[in-house]
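Protein chains: 2
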Amino acid sequence: MSVQERKRRERAERERLIVATARELAEQQGWDAVTTRRLAERIEYSQPVLYSHFRGKREIIGAVALQGATEMAAAVRAATSAERGPRARVTALARAYLDFAERNPAVYDALFQLDGGLAYAQEDTPEPLKDAFAALLECLGEVAGDGVRPGLFTEVFWASLHGIATLTRTKRLLPEDAEQRVELLVDRLTVL
Amino acid sequence: MSVQERKRRERAERERLIVATARELAEQQGWDAVTTRRLAERIEYSQPVLYSHFRGKREIIGAVALQGATEMAAAVRAATSAERGPRARVTALARAYLDFAERNPAVYDALFQLDGGLAYAQEDTPEPLKDAFAALLECLGEVAGDGVRPGLFTEVFWASLHGIATLTRTKRLLPEDAEQRVELLVDRLTVL
DNA sequence: TCTCTTGTCTAGCAGTGCTAGGATCGGATC
DNA sequence: GATCCGATCCTAGCACTGCTAGACAAGAGA
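Here the protein sequences line up with chains A and B, keeping their order. Sequential numbering of the first sequence, starting at 0, is according to numbering that gives the first Met the number 0. Sequential numbering of the second sequence, starting at 0, is according to numbering that gives the first Met the number 0.
Here it is in structure tokens:
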């Protein structure tokens, strides 16, 4: 039985390798460069091997997205927990979010821009995604203000950050005023 | 000379046909379905004809985007000019923007999501894009509040709308609370 | 040692954006 | 009216994409 166990381990290891390589390649050259051929070549297996782990390219993107969600949740929690006072926490959250998006553009795309075949905002939404939203909610819930559902407030704040992140990355917004935008957003949206 | 004139007219007409067909096809089946072959077939010419009008698919997307920018600017102005009072105007703007995004998803993508080879937020930005931003600025400038640059405020408000629009369309946000999100955004962001 | 399952690879399909080079057609010239 | 020539368009093809059928080999179990 230990033989099967070893094979199972090796398979899991290879799956991790695929996801890590896809992510690396995407961050280096963009998702368009992540072709099944290139990916297969980098992991030193043939293309069909990819399809024994994932249904297709979409699922690989989804796997990267889940990894990213976990990391983003951790980054947000780390940033907010270091601050005291609601205002400082929210500002830290906004900065951490935008920082994550800027440092990991491909992962961010996998999460919020591309189709990774994942369900969002539903019951069967994967746990990492729910948790990433929860991380935002934990901090933003306390500044939603009276009469506003924390969930709704979090969605709006998140959407604003998402808009800033994506428009900045596609050069629709200039990066210069980034900090002022964050301040304006925190100042106005939150109830302290 | 009238022969050349006629040919020039026919060429311009065909170019309009290409853009209109690309837009139609994109709205019907998404931009992925807009292949050069399908597009060529629909306009009843061969593929290379497309390349005598546009450098490539990217430029066709850009042409659709410019068309969309003009329409969006008009839609926003029409919606805001019908209202009196800053609050009503901003609410109308937000609704008109999200409505445009929902009704013309492919055009919206061409404008703000895809790469149409256009320059944004720069000197050589095409006039329709500048004007679309101006349409937002005209209305949002008056509710920016003291000490906040109208341009900066418009960017943030716009980014928020953009985030809501894109996250809703990709099912990251549920459509149910759409109206409440708009109200929250207008309530909090603007200074009335 | 032999079988048979499991895993992997080669080769190929139908599709993509884009282009080189040949055919054709129409206006201008002799 | 015949001829030329340039503009215009199409056929055919390139290198690539995601994905898969079927051949093949390696290893576990009898």
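By construction, the Cβ of each residue, glycine as well, lies at the ideal position given by its N, Cα and C atoms.
Problem set entry | Burial state of Ala46/A (16 or more Cβ within 10 Å) | Residue mapping note: residue 46/A aligns to position 47 of the first sequence, counting from 1. Note on residue identity: the sequence assigns Gln, not Ala, to residue 46/A. Per the 10 Å Cβ criterion, exposed.
Exercise. What is the rounded straight-line gap between the Cα of Ala81/A and the Cα of Ala74/A?
Worked result: Looking up residue 81/A in the first sequence gives position 82. Looking up residue 74/A in the first sequence gives position 75. Taking the straight line from one Cα to the other gives about 11 angstroms.
Exercise. Does DSSP classify Glu4/A as helix, strand or coil?
Worked result: If you number the first sequence from 1, residue 4/A lands on position 5. Helix, per DSSP.
Exercise. Which residues mark the beginning and the end of the alpha helix (DSSP H) in which Glu70/A is found?
Worked result: Position 71 of the first sequence, counted from the first residue, corresponds to residue 70/A. Where Glu70/A is concerned, the enclosing alpha helix (DSSP H) stretches over Lys56 to Ser80.
For this session: Below 8 angstroms CB to CB, which residues in the same chain sit around Ala105/B once its five sequence neighbours on both sides are set aside?
Result: In the second sequence, counting from the first residue as 1, residue 105/B sits at position 106. Once the five neighbours on either side are set aside, the close Cβ partners of Ala105/B are Arg22, Ala25, Glu26, Gly29, Trp30 and Val63.
For this session: Measure the Cβ-Cβ separation of Ala95/B and Ala78/B and say whether it is below 7 angstroms.
Result: Here residue 95/B refers to the residue found at position 96 of the second sequence. Here residue 78/B refers to the residue found at position 79 of the second sequence. In contact: Ala95/B and Ala78/B (Cβ atoms closer than 7 angstroms).
Problem set entry | Within chain A, partners of Gly67/B - CB distance below 7 angstroms | Here the question's residue 67/B lines up with position 68 in the second sequence. Per Cβ cutoff of 7 angstroms: no residues; Gly67/B is ~14 angstroms from chain A at best.
Problem set entry | Identity of the residue in Arg41/A, Val33/A and Leu172/A nearest Lys129/B by Cα | Here residue 129/B refers to the residue found at position 130 of the second sequence. Out of Arg41/A, Val33/A and Leu172/A, Leu172/A has the C-alpha closest to the C-alpha of Lys129/B.
Exercise. Taking Cβ positions, are Ala72/A and Ala134/A nearer each other than 7 angstroms?
Worked result: Position 73 of the first sequence, counting from 1, holds the residue named residue 72/A. Position 135 of the first sequence, counting from 1, holds the residue named residue 134/A. Result yes, Cβ atoms of Ala72/A and Ala134/A sit closer than 7 angstroms.
For this session: Taking 7 angstroms as the cut-off, decide whether the C-beta atoms of Leu139/A and Thr124/A are in contact.
Result: Residue 139/A sits at position 140 when you count from the first residue of the first sequence. Residue 124/A sits at position 125 when you count from the first residue of the first sequence. Cβ atoms of Leu139/A and Thr124/A: not closer than 7 angstroms.
Exercise. Cα-Cα, which of Arg88/B, Val181/B, Glu182/B and Ile163/B is closest to Glu141/B?
Worked result: If you number the second sequence from 1, residue 141/B lands on position 142. The option with the nearest alpha carbon to Glu141/B is Arg88/B.
Problem set entry | Spatially closest choice to Ile163/B from Ala100/B, Arg37/B and Val147/B, by CA coordinates | For the purposes of this step, residue 163/B is taken as residue 164 along the second sequence, with counting starting at 1. Per the Cα distances, Ala100/B.
Exercise. Do Arg86/A and Leu191/A have their C-beta atoms closer together than 7 angstroms?
Worked result: Translated into positions along the first sequence, residue 86/A becomes position 87. Translated into positions along the first sequence, residue 191/A becomes position 192. Cβ atoms of Arg86/A and Leu191/A: closer than 7 angstroms.
Exercise. What residue from Arg168/A, Lys6/A, Val155/A and Tyr107/A has the CA that sits closest to Phe111/B's CA?
Worked result: As a first step, residue 111/B is located in the second sequence; it is residue number 112 there, counting from the start. Answer by Cα proximity: Arg168/A.
For this session: Could you list which residues in chain A have their beta carbon closer than 9 angstroms to that of Phe111/B, in chain order?
Result: By one-based count along the second sequence, residue 111/B stands at place 112. Within 9 angstroms Cβ-Cβ: Thr165, Leu166, Thr169 and Arg171.
For this session: Give me the Cα-Cα distance between Ala158/A and Gly67/A, rounded to the nearest whole angstrom.
Result: As a first step, residue 158/A is located in the first sequence; it is residue number 159 there, counting from the start. As a first step, residue 67/A is located in the first sequence; it is residue number 68 there, counting from the start. So the two alpha carbons sit approximately 18 angstroms from each other.
For this session: Could you tell me which chain B residues have their CB closer than 7 angstroms to the CB of Gln179/A, listed as they occur along the chain?
Result: Locating residue 179/A in the first sequence gives position 180, where the first residue counts as 1. Result: Leu151.
Exercise. Taking all protein chains shown into account, do 16 or more other C-beta atoms lie within 10 angstroms of the C-beta of Lys56/A, making it buried, or fewer, making it exposed?
Worked result: Position 57 of the first sequence, counted from the first residue, corresponds to residue 56/A. Buried is the call here.
For this session: For Ala120/B, return the contacting residues in chain A, with the cut-off set at a CB-CB distance below 8 angstroms.
Result: Sequence index remark: in the second sequence, residue 120/B carries index 121 (1-based). Residues of chain A passing the Cβ test: Lys170, Arg171, Leu172 and Leu173.
Problem set entry | 7 angstroms CB neighbourhood of Glu14/B in its chain, flanking five on each side removed | In the second sequence, the residue the question calls residue 14/B occupies position 15. Answer for Glu14/B: His52, listed in chain order.
Exercise. Among the residues of its own chain, which have a CB less than 7 angstroms from the CB of Asp108/A, if the five just before and after it don't count?
Worked result: As a first step, residue 108/A is located in the first sequence; it is residue number 109 there, counting from the start. Closer than 7 angstroms at Cβ, skipping near neighbours: Trp30.
Exercise. Of all the CB atoms in chain B, is at least one closer than 7 angstroms to the CB of Arg187/A?
Worked result: Residue 187/A sits at position 188 when you count from the first residue of the first sequence. Yes - at least one Cβ of chain B is within 7 angstroms of the one on Arg187/A.
Exercise. Going by beta carbon distance, what residues of the same chain come within less than 7 angstroms of Thr20/B, once the five residues before and after it are set aside?
Worked result: Along the second sequence, one-based indexing puts residue 20/B at 21. So the list reads Leu38, Arg41 and Ile42, once near-sequence residues are dropped.
Problem set entry | Euclidean distance between Cα positions of Pro174/B and Leu151/A | Residue mapping note: residue 174/B aligns to position 175 of the second sequence, counting from 1. Residue mapping note: residue 151/A aligns to position 152 of the first sequence, counting from 1. Their backbone Cα atoms lie some 12 angstroms apart in a straight line.
For this session: Taking 7 angstroms as the cut-off, decide whether the C-beta atoms of Leu65/B and Pro127/B are in contact.
Result: By one-based count along the second sequence, residue 65/B stands at place 66. By one-based count along the second sequence, residue 127/B stands at place 128. Contact: yes.
Problem set entry | Own chain residues within Cβ distance below 6 angstroms of Thr189/A, not counting five before or after | Here the question's residue 189/A lines up with position 190 in the first sequence. Counting only Cβ-Cβ distances below 6 angstroms, and skipping sequence neighbours, we find Val89 and Val142.
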